[in-house]
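Below: the structure, in structure tokens.
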DNA sequence: TTTGTCAAGGACAATTATTGTCCAAAGATA
DNA sequence: TATCTTTGGACAATAATTGTCCTTGACAAA
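Residue numbers (the working numbering), protein chains in the order written: chain A, 1 to 104; chain P, 105 to 208.
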């Protein structure tokens, strides 16, 4: 049984904010970015930088590495969707990672 | 039992060329790109465009879609390696793809 | 030794992509 | 109405990437 519903990084951070009843302005100000930029990140119209992800994690007291995972898995998911590729590409990628790691 | 050894896209196309005893110039000329560019693609210093992948596939009489798969899985593998992320990100990505597909 | 072929890689202009900001418009709320 | 919020367009600035040209070095044949 899966604990949390699967959603995208963008949806997750929007949800976090809304559940805390905070405005874009409020959060953006605290993490040091423009209100409009945060809005775009929440709508997946801008890619957050690592630093921004870090700040968001810090602000919501979440693990930075977990947030990075969420973001990275998003990117992979979107890439496959936009190329209309098959899911089995993930298996191939996995083998390649092992192959590449093996040859340091 | 796996039929073919796992290698990267770059290694694969280099191997194809070398096994056919062809020079970079020969192949590059035929697929309509600069010799140096093909060399860089074979060394993974340049990303091939879709068109270039198509031409390579055509030249070596391979399935274009298979080549694209190889290339795309490469990109995913490199991304995970460069971020030093865990393999389980692939599982998360898979769930996200299903999630995103579900909401058309 | 000279000539030629080949691959590697540096430099760089040109192109393309992406970001972050500003502003205006549209929605909500009171 | 007045205020706060979100959306989204436009755009300059910045960053990333490409493709080309050229030089170097290795190697082999003549």
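Note that CB positions come from ideal geometry on N, CA and C, so glycine has one too.
From a predicted model like this one, the values you see are computed outputs, not experimental measurements.
Just confirm the distance between the C-beta atoms of residue i and residue j, as a whole number of angstroms; I'd bet it's less than 8 angstroms.
i	j	result
residue 60 (chain A)	residue 16 (chain A)	5 angstroms
residue 175 (chain P)	residue 193 (chain P)	Between residue 193 (chain P) and residue 175 (chain P) the Cβ distance is about 20 angstroms, and since that is not below 8 angstroms, they are no contact.
residue 114 (chain P)	residue 146 (chain P)	5 angstroms
residue 110 (chain P)	residue 78 (chain A)	With 8 angstroms as the limit, residue 110 (chain P) and residue 78 (chain A) do not qualify as a contact, their Cβ atoms being about 25 angstroms apart.
Are the CB atoms of residue i and residue j nearer to each other than 9 angstroms?
i	j	result
residue 184 (chain P)	residue 97 (chain A)	yes
residue 68 (chain A)	residue 40 (chain A)	no
residue 102 (chain A)	residue 180 (chain P)	no
residue 22 (chain A)	residue 35 (chain A)	no
residue 142 (chain P)	residue 131 (chain P)	yes
residue 66 (chain A)	residue 8 (chain A)	no
residue 33 (chain A)	residue 55 (chain A)	yes
Once DSSP output is grouped into helix, strand and coil, what is the label at residue i?
i	result
residue 96 (chain A)	helix
residue 187 (chain P)	coil
residue 43 (chain A)	coil
residue 77 (chain A)	helix
residue 194 (chain P)	helix
residue 124 (chain P)	coil
residue 66 (chain A)	helix
residue 60 (chain A)	coil
residue 110 (chain P)	coil
residue 103 (chain A)	coil
residue 137 (chain P)	coil
Output needed in chain order: residues of the stretch 137-167 of chain P with a Cβ under 8 angstroms from some Cβ in chain A. Shown here is that no member of the stretch 137-167 of chain P has a Cβ falling below 8 angstroms from a Cβ of chain A.
Between the stretch 182-206 of chain P and chain A, which residues of the former have a C-beta closer than 9 angstroms to a C-beta of the latter? Going along the stretch 182-206 of chain P in chain order, one finds 182, 183, 184, 185, 187, 189, 190, 191, 192, 193, 194, 195, 196, 197, 198, 199, 200, 201, 202, 203, 204, 205 with a Cβ nearer than 9 angstroms to chain A.
Please name the residues in the stretch 123-137 of chain P whose beta-carbon is closer than 7 angstroms to at least one beta-carbon of chain A, in chain order. none
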